[in-house]
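Undergrad: With my numbering, the residue at position 40 of the sequence shown is 25, and numbering never jumps.
Beta carbons: idealized from backbone N, C-alpha and C, even for Gly.
For clarity, every value in this text was computed on a predicted model and none was experimentally measured.
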Amino acid sequence: MAENVTHLKSLYIGANGGGQTNTLGTGDLELDGSLYVDGDLTLADDFSADAISARALTLSSGLTVSGHSTLTGNVTCSSQVTLGGPLLAGSSIVGTSSFTTSAETSVVSLSGIVPADFVFAIPRGTTITSNDVLGTSADTGSFVVTRPAGGTSGLTFQYIVIKSA
């Protein structure tokens, strides 16, 4: 898009049938409604939340993000999302905790988590034993990590939470 487009209720980009690439650069778009893209959407280098403001972003094809770009809010893609670099996650979905001595359960408080969310926990350290196999279950506002009796005292684990749809 060559010039700024601002204050639209909703916007549909692309020809019926898709197949083309649509590129947005910094400062291009502000919407009071939703953005629908038919085809691929490419976000230019250093694309930021200041460059696009919409209630929802719906893609019928792929999303390509180059450089250091930021998307906030909900993004729905009915096709695949491919990452060419690291996936950076904030403290609201990843972290580190540990068991108290040889306890078989560890409860981690985490704002926003609900029972339908998926929690993955991975033991960390150099003395991991077969009794350090971890299980998880989510609850409202916390999750529980369990292990068999006889596990490593004070075992540290890392976790990641994937929100359910």
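#1: Buried or exposed for Ser76, please, with buried defined as at least 16 other CB atoms from any protein chain shown within 10 angstroms of its CB.
#2: From Ile107 to Thr141, what distance separates their C-alpha atoms?
#3: Between Gly139 and Ser83, which are expected to be in contact by the criterion C-beta below 8 angstroms, what is the C-beta distance as a whole number of angstroms?
#4: Would you please verify whether the beta carbon of Gly97 is less than 9 angstroms from any beta carbon of chain C?
#5: List the DSSP bridge partners of Ala134.
#6: Given a threshold of 16 other Cβ atoms within 10 Å of its Cβ, counted over all protein chains shown, does Ala103 qualify as buried or as exposed?
#7: Output yes or no for whether 9 angstroms exceeds the beta carbon distance between Thr131 and Thr121.
#8: Buried or exposed: where does Val118 fall if 16 or more other Cβ atoms within 10 Å of its Cβ makes it buried?
#9: Give me the residue from Gly135, Ala134, Phe128 with the minimum Cα distance to Gly80.
#10: Using the three-state DSSP reduction, which class does Leu77 fall into: helix, strand or coil?
TA: In short:
#1: If you number the sequence shown from 1, residue 76 lands on position 91. Answer is exposed; the Cβ neighbour count stays below 16.
#2: For the purposes of this step, residue 107 is taken as residue 122 along the sequence shown, with counting starting at 1. For the purposes of this step, residue 141 is taken as residue 156 along the sequence shown, with counting starting at 1. Between Ile107 and Thr141, the C-alpha separation is close to 9 angstroms.
#3: Mapped onto the sequence shown, residue 139 falls at position 154. Mapped onto the sequence shown, residue 83 falls at position 98. Gly139 to Ser83, Cβ: 6 angstroms. Contact.
#4: You won't find chain C in this structure, because it holds only one protein chain.
#5: As a working note, residue 134 is residue 149 in the sequence shown. Under DSSP, Ala134 takes part in no beta bridge, so it has no partner.
#6: As a working note, residue 103 is residue 118 in the sequence shown. For the sequence presented, residue 103 should be read as Phe rather than Ala. So Phe103 ends up on the exposed side.
#7: In the sequence shown, residue 131 corresponds to position 146, counting from 1. In the sequence shown, residue 121 corresponds to position 136, counting from 1. The answer is yes: Cβ separation under 9 angstroms.
#8: Numbered from its first residue, the sequence shown carries residue 118 at position 133. By the neighbour-count criterion, in which 16 or more other beta carbons inside 10 Å mark a residue as buried, Val118 falls on the exposed side.
#9: Along the sequence shown, one-based indexing puts residue 80 at 95. Cα-wise, what sits closest to Gly80 is Phe128.
#10: Here residue 77 refers to the residue found at position 92 of the sequence shown. The sequence given here has Ser at residue 77, not Leu. Coil at Ser77, not helix or strand.
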